[in-house]
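Everything on this sheet refers to the single structure shown next.
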Amino acid sequence: MKRPTCKCCCRVFFRILFLICFTICFLYICKVGLDAETCDLRVVDPKHIKNAHTFAKRVMEAQCRPEFARKEMDRRFRNRYNMGLESFVKKSKDLNESLYLYGPPFGFRQYLRELNEILDMIPNDGLPEGRSSKSCSRCIVIGSGGILHGLQLGSAIDKYDVVIRLNNAPVHGHERDVGNKTTIRMTYPEGAPISEREYFNNSLFVTVLFKHADFLWLQAVLKNETLSTWDRLFFWKSVTEKLPLKSHQIRILNPLIVKETAMDILEFLPPRQKWWGWDKVHRVAMCGK
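Here the sequence shown stands for residues 2 to 290, where the numbers follow our numbering.
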């Protein structure tokens, strides 16, 4: 039997090497393409701006109704809304598998060890001082869809007691439209802003954990470490490696809120566990209105 020559072996080796390089380049191009954030800025009708300001003024002039959001949710979704659920995960001896029947984002099944390691690094688990003591708080949630562009509602938004910004909803450079106050930034790792200008030393960073890589990311952030190249492959886009925040500013959203919203209130079917994981199918806890 004829043995393969050195020339033949080299040819096979370089083909494999080329295939690996091509695959890496392809994945990199895909990630860069997904990270690109461009949009067409629209011209806003002055009448629409006026209507938006009129509505905002009417809302702010109305009397704040304590516990209105909680009570209204309880009325609409009787026996399906738990008014006693905590907003954030807390370090407790009651953390066990029976409490979390599902995996992320509906629970922490099979991830309690990682969760406890993270909670050991987070010294606080509630709202900032002064927030929880107020009898009635007005809350507003700002997304990243761009619908506030050109409406000049920044000053009105900053008057709210609690301003929750989702994912990478921008502030820097858009203060006139969206304000500059951020009480809570709620996001998952891929949605966290890359720019350090979007983080504030008087706000909370609330993360929603969806997968094992999210736990590793949060651990790396808290330890001021860098994620390995292998771990970064499990994110669908590039994630920020550092948060310009202190550990006492970081929280984990209670997954039971996600579970209750999806399965009890919206009545989605429970996720089914497959051999590669789970099928994947909130904000009134801090607000009076």
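We put the beta carbon where it would ideally sit given N, CA and C, even for glycine. Small disclaimer: the values here were computed from a predicted structure and weren't measured.
For residue 187, the enclosing beta strand (DSSP E) covers residues 185-188. Around the beta carbon of residue 247, fewer than 16 other beta carbons lie within 10 angstroms, which makes this residue exposed. Distance from the CA of residue 202 to the CA of residue 193, rounded to the nearest whole angstrom, comes to 16 Å.
By alpha-carbon distance to residue 52, the top candidate from 116, 103, 152 is 152.
Between residue 119 and residue 219, the CB-CB gap stays under 7 Å.
Bounds of any alpha helix (DSSP H) do not take in residue 123, whose DSSP letter is neither H nor E. Secondary structure in the segment 190-236: the alpha helix (DSSP H) runs of 4 residues or longer, each lying completely within the stretch, are 213-224, 230-233 in chain order. Just so you know, the alpha carbons of residue 207 and residue 81 end up roughly 24 Å apart. Under the Cβ criterion (8 Å, minimum of three pairs), the segment 137-144 counts as touching the segment 162-176. Our two residues, residue 157 and residue 235, have alpha carbons roughly 40 Å apart in a direct line. Assignment of residue 78 by DSSP, reduced to helix, strand and coil, places it in the coil class. Assignment of residue 44 by DSSP, reduced to helix, strand and coil, places it in the coil class. Burial check for residue 102: the Cβ neighbour count within 10 Å stays below 16, so the residue is exposed. By the criterion of at least three beta-carbon pairs nearer than 8 Å, the segment 259-272 is in contact with the segment 102-118. In the DSSP annotation of this structure, the continuous segment of the alpha helix (DSSP H) that includes residue 257 starts and ends at 256-260. Around the Cβ of residue 88, a 10 Å sphere holds 16 or more other Cβ atoms; the residue is buried. When DSSP reads this structure, residue 89 sits in a beta bridge with 254. Taking every protein chain shown into account, the CB of residue 216 has 16 or more other CB atoms within 10 angstroms, so this residue is buried.
With distances taken between CA atoms, residue 253 lies nearest to 115 out of 174, 115, 182.
The C-beta distance from residue 240 to residue 190 rounds to 5 Å, short enough to fall under 8 Å. Residue 84 counts as exposed, since fewer than 16 other C-beta atoms from the protein chains shown sit within 10 angstroms of its C-beta. Distance from the Cα of residue 231 is smallest, within the candidate group 186, 250, 213, 60, for 213.
Here residue 186 is buried. Its C-beta has 16 or more other C-beta atoms within 10 Å.
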